[in-house]
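Chains as they are written, first to last, in the numbering used here: chain A, 1 to 113; chain B, 114 to 227.
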């Protein structure tokens with residue numbers, strides 16, 4: 001089994017500033033994938049960014065980037081130039097087989113105008 | 114369709130009542146997943162289909178929970194004799210290329226058992 005831990009229940013950031021959301025995971029698998037999902041009040045989980053564990057290069061998607069530390073089993077999400085629309089719950093997830101994703105408990109991000 | 118569609122969006126059931134939750138995945142998506150998200154928690158895996166075959170149902174919490182996808186497209190999650198602890202958001206997700214690119218989720222059904 002895999003476990004995912006998000007130790008920050010809530011975070012806040014000033015509009016246009018940068019914020020980092022933390023995630024650690026535990027897996028015995030050598031091949032796995034990591035994801036960050038965003039869940040706004042509409043409840044739909046929206047894929048933000050993904051990382052293959054075998055790739056050393058950190059994934060980036062526009063204003064979103066990750067800091068993947070494989071040895072430390074850490075997978076943090078950095079949001080640059082934060083926008084009001086970034087306010088949501090953010091979930092970190094891990095999978096190896098793809099049949100089952102393991103999610104953390106989420107971080108609620110507030111963006112302050 | 115353009116996205117994963119779930120209905121109803123909200124469902125209130127009296128304890129002991131049976132409910133059926135529907136998921137319409139993206140057309141052509143082979144894989145379909147159901148997750149349960151309790152209040153303040155992350156989603157937890159319930160079951161997985163590849164086409165019409167239910168390949169993994171290890172996450173179903175009891176034999177009151179049953180899922181089907183008879184023609185490999187629309188799926189129904191049925192909960193019999195609902196209990197208060199079944200109150201949660203039930204999320205459906207589908208995928209064309211599997212876990213490597215992530216799932217596309219629907220907006221879920223919020224089930225409240227009173």
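Cβ coordinates follow ideal geometry from the N, Cα and C atoms, glycine included.
Any chain B beta carbon closer than 8 Å to residue i
i             : result
residue 100/A : yes
residue 11/A  : no
residue 105/A : yes
residue 91/A  : yes
CB contact below 8 Å: residue i versus chain A
i             : result
residue 158/B : yes
residue 155/B : yes
residue 168/B : yes
residue 215/B : yes
residue 218/B : yes
For residue j and residue i, believed in contact at Cβ under 8 Å, the rounded distance
i             : j             : result
residue 96/A  : residue 5/A   : Not really, about 17 Å apart at Cβ, beyond 8 Å.
residue 204/B : residue 218/B : 6 Å
residue 188/B : residue 181/B : 7 Å
residue 7/A   : residue 112/A : Contact doesn't hold; Cβ gap of about 21 Å is too wide.
residue 87/A  : residue 60/A  : Wrong, their Cβ atoms sit about 21 Å apart, outside the cutoff.
residue 32/A  : residue 50/A  : Not confirmed; about 11 Å, so no contact.
residue 125/B : residue 227/B : 6 Å
residue 10/A  : residue 107/A : 7 Å
residue 222/B : residue 122/B : 6 Å
residue 43/A  : residue 220/B : 5 Å
Proximal chain A residues relative to residue i, where beta-carbon distance stays under 8 Å
i             : result
residue 161/B : 99 and 100
Residue i: contacting residues in chain A (beta-carbon distance under 7 Å)
i             : result
residue 221/B : 43
Chain D within 8 Å of residue i, Cβ atoms only
i            : result
residue 40/A : The chain inventory of the structure shown lacks chain D, comprising the protein chains A and B.
Inset, instruction - Closer than 7 Å, Cβ to Cβ, to anything on chain B: give me those residues from the segment 19-51 of chain A, in chain order. - result: 33, 35, 42, 43, 44, 45, 47 and 50
Legend entry - Members of the segment 183-209 of chain B near chain A, C-beta cut-off 7 Å: 202 and 204
Legend entry - Meets three-Cβ-pair contact criterion under 8 Å: the segment 192-200 of chain B and the segment 165-183 of chain B: yes
Legend entry - Three-pair Cβ contact test at 8 Å for the segment 17-35 of chain A versus the segment 65-81 of chain A: yes
Legend entry - Inter-stretch contact at 8 Å, needing at least 3 Cβ pairs: the segment 84-104 of chain A / the segment 143-160 of chain B: Touching, yes.
Inset, instruction - Please determine if the segment 62-75 of chain A and the segment 133-140 of chain B are in contact, where contact requires at least 3 C-beta pairs separated by less than 8 Å. - result: no
Legend entry - Validate contact between the segment 85-96 of chain A and the segment 160-171 of chain B using beta carbons, cut 8 Å, 3 pairs: no
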